[in-house]
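S.K.: Questions regarding the structure given below will be posed in turn.
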């Protein structure tokens, strides 16, 4: 909001582009040092002067205009002070007028594709996929709110060695059984069984390779088995996606595109970009620390990267987007470096428009997730567990509450706790997930933020005649009021920053900070018991806080309850 005015002023004075200025602006550590700070180090080389001298020269040159009340040099920084009352009037006016749109940005006419969660059809979705789905949903929400056209897509990895492991185990030991549980869990049991049997029967590894080759050669029996088990898994995925509110514009299937991937590799071979090794595999030598990579095995079967080459091209052909984001775990960083490098070697112009958003591991109190050993926590189970934990907390706080209300609240609080706990972390950070900790109404949790929203709703319910749009004159004096106003003003820039960096953690941390600032205000500034003029101003302020908390939670895929 007023940050934009600071950016304009600095851009004109320094000759730097507005985007560059905006990325350099900092928030001073204390309000006494101003509302925004510009580090002058970046100008030192160009101006051939010390940053401290540049800061002072700019302070002397620039004349503050409303809403900027003062510009002051402090060491190598140029500090800007905003007229707090003007800021308050503008922020509250904007939130009251914009409501659910406050913080959003005009259309940028740019399309961003986000691929997630890209599961394998050999087992159910697990806790790692939950992080993937929550990141994907939230990033799409944030991109749309920031003015981009978000295109959510999925890639279903429904062929390959891993898929054949479940198939082989079912063929040998499944006795033609039909699923007696959620169908993707049923298929996953055979993936676990395969790995158990492999310890005693290492020859199974070769049988899996043979099965994959048969599948690629359209062996009737193998293809029929594949279709049956694939259908079971996809039915299970559909149910899980519904639980997590995951919806895609388009779904790509590896089985439908892998052959075209081979064609791209063969073209690269003809052009001399790739070569055949002594065993007959097609290989690329990437050098630059990336080494050699097999693109087609010696037996003619493809790998993940084979189909990824064609899929990258197909996506851009289908949607003509400006950016293609892949949300995939950090264990695949090397894979995507190789993929993007090869795309560039093949001469595709979109190579630089591909981005891998890597994310870290979620650990459990018992240790790392391992689906091969059957110790994984399934996505369906973790969501159900969160609702159970939420129900206990609700019943503890509200004795005698009726079942219908418990069911409604446990859904909102349980899913909110899960979403927030996962999204508050930077995507690359590993962390340990603790259901009990995540459901707490205190600390850095979703329920803590939801409770702040519910508390404001409770205050506003007691003041039924209050109409925020009717308030003409606002008056604020307390530092906690100005803390809230400053945070409300920062919401649009937080949204934009989260969109540009694909980091929902920026929004989650912001929501937490706003909830904490509200609670500090709540304990120091009475609202309903204040004098008439102060009360109206404070009601308008908390109405604005409620609006922004709801908008922030919505971007994270979390509902903002009116009662907890």
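In the working numbering, the protein residues as written are 196 to 759.
Where a beta carbon is used, it is the ideal one built from N, C-alpha and C, also for glycine.
1. Please report the Cβ distance between residue 584 and residue 634, rounded to the nearest whole angstrom; I am assuming they are in contact, meaning their Cβ atoms lie under 8 Å.
2. Tell me which residues share the same chain as residue 290 and place their Cβ nearer than 7 Å to its Cβ, disregarding the 5 neighbours each side in the sequence.
3. Name the residue from 753, 758, 759 whose alpha carbon lies nearest to the alpha carbon of residue 333.
4. Quick check: what's the CA-CA separation for residue 292 versus residue 286?
5. Can we say the segment 501-508 touches the segment 447-467, given the rule of at least three CB pairs closer than 8 Å?
6. Please report the straight-line C-alpha distance between residue 247 and residue 619, rounded to a whole angstrom.
7. Could you check whether the Cβ of residue 478 sits closer than 7 Å to any heavy atom belonging to the ligand ZN?
8. Are the Cβ atoms of residue 678 and residue 712 separated by less than 8 Å?
9. List the endpoints of the continuous beta strand (DSSP E) containing residue 552.
10. Less than 8 Å between the CB atoms is what I'm expecting for residue 268 and residue 251, so what's the real figure, rounded?
11. Between residue 326 and residue 462, what straight-line distance do the alpha-carbon atoms span, to the nearest angstrom?
12. Excluding the five sequence neighbours on either side, which residues of its own chain have a C-beta within less than 6 Å of the C-beta of residue 383, listed in chain order?
13. From 480, 370, 363, 437, pick the residue whose C-alpha is nearest to that of residue 421; which is it?
14. Out of 295, 607, 388, which one is the CA nearest neighbour of residue 646?
15. By Cβ distance, which residues of its chain are closer than 7 Å to residue 403, with the 5 residues on each side in sequence left out?
16. My output table needs one value for residue 441: the three-state DSSP class, helix, strand or coil.
17. Just the Cα atoms here: how many angstroms apart are residue 374 and residue 580?
18. With H, G and I counted as helix, E and B as strand and the rest as coil, what does DSSP make of residue 469?
19. What residues match up with residue 626 in a beta bridge as DSSP calls it?
20. Going by beta carbon distance, what residues of the same chain come within less than 6 Å of residue 492, once the five residues before and after it are set aside?
21. Quick one: what's got a C-beta closer than 6 Å to residue 441's C-beta in the same chain, skipping five residues either side?
22. Assess, as a yes-or-no matter, whether the segment 268-277 is touched by the segment 223-237 under the definition of 3 or more beta carbon pairs within less than 8 Å.
23. Which residue comes first and which comes last in the alpha helix (DSSP H) that contains residue 607?
24. Does the segment 299-313 come into contact with the segment 333-353, if we say contact requires no fewer than three beta-carbon pairs (one atom in each stretch) closer than 8 Å?
25. Quick check on residue 321: does DSSP put it in helix, strand or coil?
26. Please state if the CB of residue 554 and the CB of residue 622 are separated by a distance shorter than 8 Å.
27. Could you tell me the boundaries of the alpha helix (DSSP H) in which residue 263 lies?
28. Tell me which residues share the same chain as residue 663 and place their Cβ nearer than 6 Å to its Cβ, disregarding the 5 neighbours each side in the sequence.
29. Quick one: complete beta strand (DSSP E) runs, 3+ long, within the segment 480-543?
30. Run through DSSP, which three-state label would residue 572 get?
31. Under 6 Å Cβ to Cβ from residue 445, same chain only, skipping five residues before and after it: list those, please.
32. Report yes if the C-beta distance between residue 721 and residue 649 is below 8 Å; otherwise report no.
33. Are the CB atoms of residue 577 and residue 322 nearer to each other than 8 Å?
34. Between the Cα of residue 396 and those of 367, 204, 331, 339, spot the shortest distance and give me the residue it belongs to.
35. If you draw a straight line from the C-alpha of residue 430 to the C-alpha of residue 730, how long is it?
36. Give the straight-line distance between the Cα atoms of residue 437 and residue 574, rounded to the nearest whole angstrom.
M.R.: On the basis of the coordinates in this document:
1. Within the chain shown, the letter at position 389 stands for residue 584. Within the chain shown, the letter at position 439 stands for residue 634. Contact annotation, residue 584 with residue 634: C-beta distance approximately 5 Å; criterion of less than 8 Å satisfied.
2. As a first step, residue 290 must be located in the chain shown, where it is residue number 95. Closer than 7 Å at Cβ, skipping near neighbours: 297, 683, 739, 742, 743.
3. Your numbering for residue 333 matches position 138 in the chain shown. Of all alpha-carbon atoms in 753, 758, 759, the one lying nearest the alpha-carbon of residue 333 is that of 753.
4. Indexing the chain shown from 1 puts residue 292 at position 97. Indexing the chain shown from 1 puts residue 286 at position 91. Going from the Cα of residue 292 to the Cα of residue 286 covers about 10 Å.
5. In this structure the segment 501-508 touches the segment 447-467; the number of beta carbon pairs closer than 8 Å is three or more.
6. Working through the chain shown from its first residue, we reach residue 247 at position 52. Working through the chain shown from its first residue, we reach residue 619 at position 424. So the two alpha carbons sit approximately 37 Å from each other.
7. The ligand ZN is not part of the structure shown, which contains no ligands of any sort.
8. As a working note, residue 678 is residue 483 in the chain shown. As a working note, residue 712 is residue 517 in the chain shown. Taking 8 Å as the cut-off, the Cβ atoms of residue 678 and residue 712 count as close.
9. On the chain shown, position 357 is the one that residue 552 refers to. 549-554 is the extent of the beta strand (DSSP E) around residue 552.
10. The residue labelled residue 268 in the question sits at position 73 within the chain shown. The residue labelled residue 251 in the question sits at position 56 within the chain shown. That belief holds up - the Cβ atoms of residue 268 and residue 251 are roughly 4 Å apart, short of 8 Å.
11. Position 131 of the chain shown, counting from 1, holds the residue named residue 326. Position 267 of the chain shown, counting from 1, holds the residue named residue 462. Annotation: residue 326 to residue 462 spans about 37 Å, alpha carbon to alpha carbon.
12. What you label residue 383 is simply residue 188 of the chain shown in a count that begins at 1. Excluding positions up to five away in sequence, the list reads 318, 319.
13. Walking along the chain shown from the start, residue 421 turns up at place 226. Checked all of 480, 370, 363, 437; the closest Cα to residue 421 is 363.
14. Locating residue 646 in the chain shown gives position 451, where the first residue counts as 1. Nearest C-alpha to residue 646: 607.
15. Mapped onto the chain shown, residue 403 falls at position 208. These residues qualify, in order along the chain: 356, 359, 360, 363.
16. Residue mapping note: residue 441 aligns to position 246 of the chain shown, counting from 1. The three-state reading of DSSP puts residue 441 in coil, since its state is none of H, G, I, E or B.
17. By one-based count along the chain shown, residue 374 stands at place 179. By one-based count along the chain shown, residue 580 stands at place 385. Residue 374 and residue 580: Cα-Cα distance of roughly 23 Å.
18. Stepping through the chain shown from its first residue, residue 469 is reached at position 274. Residue state, collapsed to three classes: coil.
19. Sequence index remark: in the chain shown, residue 626 carries index 431 (1-based). 557.
20. If you number the chain shown from 1, residue 492 lands on position 297. Excluding residues within five positions, the ones whose Cβ falls inside 6 Å are 476.
21. On the chain shown, residue 441 is found 246 positions in, with the first residue counted as 1. So the qualifying residues of the chain are 328.
22. With the cut-off at 8 Å, the segment 223-237 and the segment 268-277 touch.
23. The residue given as residue 607 occupies position 412 in the chain shown. 598-618 is the span of the alpha helix (DSSP H), which, as asked, contains residue 607.
24. Counting Cβ pairs under 8 Å, three or more are found: they touch.
25. Walking along the chain shown from the start, residue 321 turns up at place 126. Here residue 321 sits in strand by DSSP.
26. Taking the chain shown and counting its residues from 1, the one referred to as residue 622 is at position 427. Taking the chain shown and counting its residues from 1, the one referred to as residue 554 is at position 359. Contact: yes.
27. The residue given as residue 263 occupies position 68 in the chain shown. Segment 263-269 is the beta strand (DSSP E) holding residue 263; no alpha helix (DSSP H) there.
28. Counted from its first residue, the chain shown places residue 663 at position 468. Taking residue 663 as the centre and dropping the five residues before and after it, the same chain places the C-beta of 291, 735, 738 closer than 6 Å to its C-beta, in chain order.
29. Note on the segment 480-543: whole beta strand (DSSP E) runs with a minimum of 3 residues are 487-491, 518-524, in chain order.
30. Your numbering for residue 572 matches position 377 in the chain shown. Residue state, collapsed to three classes: coil.
31. Sequence index remark: in the chain shown, residue 445 carries index 250 (1-based). 348.
32. Taking the chain shown and counting its residues from 1, the one referred to as residue 721 is at position 526. Taking the chain shown and counting its residues from 1, the one referred to as residue 649 is at position 454. Not closer than 8 Å, so no.
33. Position 382 of the chain shown, counting from 1, holds the residue named residue 577. Position 127 of the chain shown, counting from 1, holds the residue named residue 322. Against a cut-off of 8 Å, the Cβ pair of residue 322 and residue 577 comes out as a contact.
34. Within the chain shown, residue 396 is the residue found at index 201, counting from 1. A check of alpha carbon separations from residue 396 across 367, 204, 331, 339 identifies 367 as the nearest.
35. In the chain shown, the residue the question calls residue 430 occupies position 235. In the chain shown, the residue the question calls residue 730 occupies position 535. Cα to Cα, residue 430 sits roughly 55 Å from residue 730.
36. Position 242 of the chain shown, counting from 1, holds the residue named residue 437. Position 379 of the chain shown, counting from 1, holds the residue named residue 574. Between residue 437 and residue 574, the C-alpha separation is close to 12 Å.
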